[in-house]
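Every letter in the sequence shown is one number past the one before it in the numbering used here, and letter 416, counting from 1, is 416.
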Amino acid sequence: MDPVTAALAVFALMLAVLASGMWVFLALATAAAISLFAFMGFPPDRIGAIASRIIVRSASSWELAAVPMFIWMGEIMFRTDISERLYKGLSPLVAKIPGGLLHTNVLGSALFAAVSGSSAATTATVGRITTSELNRRGYSKSLALGSLAGAGSLGLLIPPSIVLIIYGVLAEVSISKLFIAGVLPGLMIACLYAVYLGIRCSITPNLAPKGIVPEEDASVFAIIRNLAPIFGLIFVVLGSIYTGWATPSEAAAIGVFAALCFATIGGQLSRKMLSESMINALKTSCMVCAILMCAAFLSSAIGYMHIPRNIALAIDALDLSPYVLIAFLALFYIVLGFFLDGISIIVMSLPITLPVVVAAGFDPIWFGIFLVIMIELGLMTPPVGFNLFVIQSISGEPIQRVAAYATPFFLLMCFGALLMVIFPEIALWLPTYLSS
Numbered sequence: 001m002d003p004v005t006a007a008l009a010v011f012a013l014m015l016a017v018l019a020s021g022m023w024v025f026l027a028l029a030t031a032a033a034i035s036l037f038a039f040m041g042f043p044p045d046r047i048g049a050i051a052s053r054i055i056v057r058s059a060s061s062w063e064l065a066a067v068p069m070f071i072w073m074g075e076i077m078f079r080t081d082i083s084e085r086l087y088k089g090l091s092p093l094v095a096k097i098p099g100g101l102l103h104t105n106v107l108g109s110a111l112f113a114a115v116s117g118s119s120a121a122t123t124a125t126v127g128r129i130t131t132s133e134l135n136r137r138g139y140s141k142s143l144a145l146g147s148l149a150g151a152g153s154l155g156l157l158i159p160p161s162i163v164l165i166i167y168g169v170l171a172e173v174s175i176s177k178l179f180i181a182g183v184l185p186g187l188m189i190a191c192l193y194a195v196y197l198g199i200r201c202s203i204t205p206n207l208a209p210k211g212i213v214p215e216e217d218a219s220v221f222a223i224i225r226n227l228a229p230i231f232g233l234i235f236v237v238l239g240s241i242y243t244g245w246a247t248p249s250e251a252a253a254i255g256v257f258a259a260l261c262f263a264t265i266g267g268q269l270s271r272k273m274l275s276e277s278m279i280n281a282l283k284t285s286c287m288v289c290a291i292l293m294c295a296a297f298l299s300s301a302i303g304y305m306h307i308p309r310n311i312a313l314a315i316d317a318l319d320l321s322p323y324v325l326i327a328f329l330a331l332f333y334i335v336l337g338f339f340l341d342g343i344s345i346i347v348m349s350l351p352i353t354l355p356v357v358v359a360a361g362f363d364p365i366w367f368g369i370f371l372v373i374m375i376e377l378g379l380m381t382p383p384v385g386f387n388l389f390v391i392q393s394i395s396g397e398p399i400q401r402v403a404a405y406a407t408p409f410f411l412l413m414c415f416g417a418l419l420m421v422i423f424p425e426i427a428l429w430l431p432t433y434l435s436s
């Protein structure tokens, strides 16, 4: 069987097993076992030995310790008044610029993304306060919900990002470098959103009512008091990583401690809040880690079949331009985003696409950021656009209308990805500079 046919067969098998309704981690393990049995002729006992060895080794990865910690930190902050304080702190700063309070969606999402690591948590936390406030003050619903869909997806890109941790573990690259590589692309896309909002509202002033004085306290002390928790967490988590004082896993534990301290100071830490945050973090962490362990088994199965190496050789024989290859991969990932969540996309495709991309001369750190942007695009596209479902639950708008509102921001993120392809230094300059 030629490499392309083998890859398509394995991929079709995964989609078929997923379509059966089986849990993702079981689907990955089942696809791996069937592939080794059907295509390689491995007996069941050898397949079991391979699976047990790979799963135990994957579960023992120290880097995975960061996943439950960052998830728990996000769960704690989600149950505090951080979204309300973010809005109160940001609204006096943006009220008088074109677009007005619409920028609280972009800035609020960018800031909360730096302590969450989750797109859904970022969208829900920021959206539950800004959506009602912007609607009450007469702002354009399409821009309010569309900007929330776009900016909320930054939770996957701006560190600390759970998806970047997963990519780092699977691709065996530095998670710290991935984190710092995501900063400038995330800020660039946030700036694109802000500029777009400013231009749209300057051309059509009734989209953002003028002359509305923020109801929040605009004093410098009040702004600092409201923004202190979020900036404090960013400083504690990212500062400890980039100063070399802590690894990402250790920084995650420090972040949880800091989040508990902020919740205690704010009088919001209770036994109920603590238990709910721990239970939800445990459920999500178990899901993520189970998927990663089974994905490692699938990667090994694909390796036994020599699919990545053979596909890389086949593509190399085609003598495609690296940019043509990236264009095809971008289209491939956008289509996958119509049907699959980000973690599933990474674990299913990375064993095949990463060797091909590296063979084409692209840096794996750069490709990790590019891949996350492609996944973020999937968060804004139906039928499986998680951000759209979150916004639908917040606003009550039909999913088709929310998707239409998000379309301009989808296109802006595509433009951001194009800029990163043309200028890879956007992702690579900061980690190179800090490591030099």
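Even for Gly, the Cβ is constructed at its ideal location relative to N, Cα and C.
- Message: Applying the 10 Å Cβ sphere with the 16-neighbour rule, what's the burial state of HIS306?
- Response: With fewer than 16 Cβ atoms within 10 Å of its Cβ, HIS306 is classed as exposed.
- Query: From which residue to which residue does the alpha helix (DSSP H) around PRO431 run?
  - Reply: Unbroken alpha helix (DSSP H) run through PRO431: 425-435.
- Task: Report yes if the C-beta distance between VAL106 and TYR193 is below 8 Å; otherwise report no.
- Result: Yes, Cβ-Cβ distance for VAL106 and TYR193 is below 8 Å.
- Count the other C-beta atoms from every protein chain shown that fall within 10 angstroms of the C-beta of TRP62, then say buried if there are 16 or more, exposed otherwise. The residue in question, TRP62, is exposed, as its Cβ has fewer than 16 Cβ neighbours within 10 Å.
- Task: Could you check which residue in LEU269, VAL421, GLU397 and MET348 has the C-alpha nearest to that of ILE373?
- Result: Ranking LEU269, VAL421, GLU397 and MET348 by Cα distance to ILE373 puts VAL421 first.
- PHE39, DSSP secondary structure in three states: DSSP places PHE39 in helix when its eight states are reduced to three.
- Query: Can ALA171 and LEU336 be called in contact, C-beta distance under 8 Å?
  - Reply: No, they are not a contact pair.
- Item | Member of TYR242, CYS294, ALA113 and ALA360 whose CA lies at the smallest distance from the CA of TYR323 | With distances taken between CA atoms, TYR323 lies nearest to ALA360 out of TYR242, CYS294, ALA113 and ALA360.
- How about TYR167 and ILE346: do their beta carbons lie closer than 8 Å? Yes; because the gap between Cβ atoms is below 8 Å, this pair is in contact.
- Query: Using CA coordinates, which residue listed in GLU75, SER83, GLY108 and ALA149 is at the minimum distance from ARG401?
  - Reply: The shortest CA-to-CA distance from ARG401 to any of GLU75, SER83, GLY108 and ALA149 is the one to ALA149.
- Message: Using a Cβ-Cβ cutoff of less than 6 Å, which residues in the same chain neighbour TYR405 once the five nearest sequence positions on both sides are dropped?
- Response: Taken in chain order, the residues that qualify are SER142, LEU145 and GLY146.
- Message: Using 8 Å for Cβ pairs, my map puts ILE76 next to ALA259. What's the rounded Cβ distance?
- Response: That pair is a contact at about 4 Å.
- Task: Measure how close the beta-carbons of TYR196 and LEU412 come, nearest whole angstrom, since I'm counting them as under 8 Å.
- Result: About 6 Å separates the beta carbon of TYR196 from that of LEU412, a gap short enough to meet the 8 Å contact definition.
- Message: Can you check which of these residues, LEU164, PRO351, ILE369 and ILE326, is closest to TYR304 by C-alpha distance?
- Response: Across the set LEU164, PRO351, ILE369 and ILE326, the C-alpha of PRO351 shows the shortest separation from the C-alpha of TYR304.
- Short check: CB of ALA290 to CB of PHE70, under 8 Å? Taking C-beta atoms as the reference points, ALA290 and PHE70 fail to come closer than 8 Å.
- Every unbroken beta strand (DSSP E) within the stretch 43-123, with a cutoff of 3 residues, ordered by chain: Those beta strand (DSSP E) runs which fall completely within the stretch 43-123 and span 3+ residues do not exist here.
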